[in-house]
Amino acid sequence: MSTSEGVENPTNGDPNSARTSITIDASNPLYVHPSDSPSATLAPVLFDGTGYRSWRRSVLRSLSVKNKLVFVNGEYKRPDSQVPLELRQWERCDDMVTTWILNSMVKEIADSVEYVSSSHELWMELEDRYDQTNGAKL
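For the sequence shown, position 36 (counting from the first letter as 1) is numbered 36 according to the UniProt record's numbering, and the numbering increases by one without interruption.
Written out as C-alpha cells, the structure reads:
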C-alpha cells in the first residue's frame with residue numbers, strides 16, 4: 001500500500017485559480033508522516049555536551065528510520081528556488097529535522113546553535129564542536 005501526501009499551491013482565495021499539486025510518495029525524503037511532530041526528540045537522553053558519539057548514533061539512527069538522514073548529511077541539497085512548491089516542501093522538511101535535533105539537546109546547547117540556516121549546517125556545527133578525538137583512530 002502506497003501512502004502519499006498532496007501539496008497544493010495556494011490560490012489567494014480565488015476559486016477560479018488553477019491549483020498545482022505534488023504527490024509525494026512515502027519513500028521520498030520530502031514526505032512528512034502525519035504523526036511526525038515538531039516537538040519530537042530523536043534520542044532517549046538530551047545531549048548536554050557529554051557523550052556526543054552515543055547521542056550522535058541515536059540521532060542518526062532515528063533520522064534514518066524517518067528517511068531524513070539525507071538532510072543532515074548533505075545528500076539532499078536545497079532545490080532550485082525556481083520551483084517554489086518543491087522549495088517550500090524542502091524547507092518544511094529541513095525545518096522539521098532541525099527542530100527535532102534542537103529538541104534533542106539541552107536548552108543551553110540548542111540556544112547556541114539555533115540560528116543556523118539548515119539541518120546540514122546545524123549538524124556540521126555540532127560535529128565541529130563535539131566530535132573531538134583524543135588521539136589517533138585505529
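Don't be surprised by glycine CBs; every beta carbon is placed ideally from N, CA and C.
Owing to the predicted nature of the structure, the values given are computational and were not obtained by experimental measurement.
Residues near residue i by beta carbon distance below 8 Å, same chain, minus five either side
i, result
"R87", "The question names Arg, yet the displayed sequence has Leu at residue 87. Once the five neighbours on either side are set aside, the close Cβ partners of L87 are R78, P79, D80, S81."
"L102", "A110, V113, E114, L122"
"V116", "T98, L122, E125"
"D131", "Y52, R53, R56"
"W90", "L30, Y76, R78, P79"
Nearest-angstrom beta carbon gap, residue j and residue i [assumed within contact, 8 Å]
i, j, result
"L30", "S62", "Incorrect: roughly 18 Å between the Cβ atoms, too far for contact."
"P38", "M96", "6 Å"
"N67", "S27", "7 Å"
"F71", "S35", "With 8 Å as the limit, F71 and S35 do not qualify as a contact, their Cβ atoms being about 18 Å apart."
Exposed unless 16 or more other CB atoms sit within 10 angstroms - verdict on residue i
i, result
"T23", "exposed"
"V59", "buried"
"H33", "exposed"
"D94", "buried"
Cβ-based neighbour list, residue i, same chain, cut-off 6 Å, excluding 5 preceding and 5 following
i, result
"R92", "none"
"E75", "none"
Other residues of its chain near residue i: CB distance less than 7 Å, five sequence neighbours each side excluded
i, result
"A40", "W100, N103"
"L46", "S104, M105, V106"
"V83", "none"
Short CB-CB distance (under 8 Å) between residue i and chain B
i, result
"L102", "Considering every chain present, this structure includes no chain B. It has just one protein chain."
In chain order, what are the residue ranges of uninterrupted alpha helix (DSSP H) at least 4 long that sit wholly in the segment 22-109? Inside the segment 22-109, DSSP marks whole alpha helix (DSSP H) runs of 4 or more residues at positions 52-65, 69-72, 84-103, from first to last along the chain.
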